[in-house]
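These protein sequences, in sequence, are chains A and B. Following the numbering used here from start to finish, the first sequence increments by one per residue and tops out at 715. Following the numbering used here from start to finish, the second sequence increments by one per residue and tops out at 1560. Where is the CB? At the ideal position from N, CA and C, for every residue including glycine.
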Amino acid sequence: DTAVSQTPKYLVTQMGNDKSIKCEQNLGHDTMYWYKQDSKKFLKIMFSYNNKELIINETVPNRFSPKSPDKAHLNLHINSLELGDSAVYFCASSQGASGYNEQFFGPGTRLTVL
Amino acid sequence: GNSVTQMEGPVTLSEEAFLTINCTYTATGYPSLFWYVQYPGEGLQLLLKATKADDKGSNKGFEATYRKETTSFHLEKGSVQVSDSAVYFCALSDAGNNRKLIWGLGTSLAVNP
Chain A
602 DTAVSQTPKY LVTQMGNDKS IKCEQNLGHD TMYWYKQDSK KFLKIMFSYN
652 NKELIINETV PNRFSPKSPD KAHLNLHINS LELGDSAVYF CASSQGASGY
702 NEQFFGPGTR LTVL
Chain B
1448 GNSVTQMEGP VTLSEEAFLT INCTYTATGY PSLFWYVQYP GEGLQLLLKA
1498 TKADDKGSNK GFEATYRKET TSFHLEKGSV QVSDSAVYFC ALSDAGNNRK
1548 LIWGLGTSLA VNP
């Protein structure tokens, strides 16, 4: 059974479009994250939710809007896509909001903006 | 601020060679330290961790010791396999804001048969 799943796996779109990425975890965790990984593998935290409450909101353009309808789901909506948004986006989850807790990652969504 | 510095890759080794990937950190307080691994086309997964000075984390033949005196957490494996080819990330829990990890830039390892 997949622990952290993301859809879609690949997303190719034009500049200016709006797109969403969905994430679900079946681990019973209370904390979920969105990360962005660029082409050089640099990993950057974007957002984190604990029990549906936003607890980490890094310096991210406000075109990016996360939504957590419940503890098991965290979605990422991106408006007005730009070339620089091309990256792999990873969802992760953990039990507890502390950085001490192991994070479980999804397989990633590769976003290509043309 | 807190930070993690990893040796730059890519690292290329032959099968059965000894591996060291250096990681040093700057932190206030007493962070926990982690190594995560990312296999090609996959998400990251925890490889090992250590929560206090002199702790040794180990998993799948990999080891790392939390050295407070040298602020280091170097990853080692005595004999690498082709299947170890991956990107390895060192990370620390941010004691100032313990809700997030501070990540290194990642070190790519390629093991040739």
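| Asked | Found |
| --- | --- |
| Partner residues on chain A for residue 1479(B), Cβ-Cβ distance less than 8 Å | 700, 701 |
| Interface flag, residue 1553(B) vs chain A, CB-CB below 7 Å | yes |
| CB contact below 7 Å: residue 1501(B) versus chain A | no |
| Residue-chain proximity (residue 629(A), chain B), Cβ-Cβ < 7 Å | no |
| Residue interval of the beta strand (DSSP E) (run including residue 1591(B)) | Nothing about residue 1591(B) can be reported from this structure: the residues present for chain B run from 1448 to 1560 only. |
| CA nearest to the CA of residue 1513(B), picked from 1500(B), 1528(B), 1455(B) | 1500(B) |
| Per-residue contacts from residue 1540(B) into chain A (C-beta, under 8 Å) | 699, 700, 701 |
| Cβ pair residue 698(A), residue 639(A) closer than 7 Å | no |
| DSSP three-state assignment for residue 1490(B), whether helix, strand or coil | coil |
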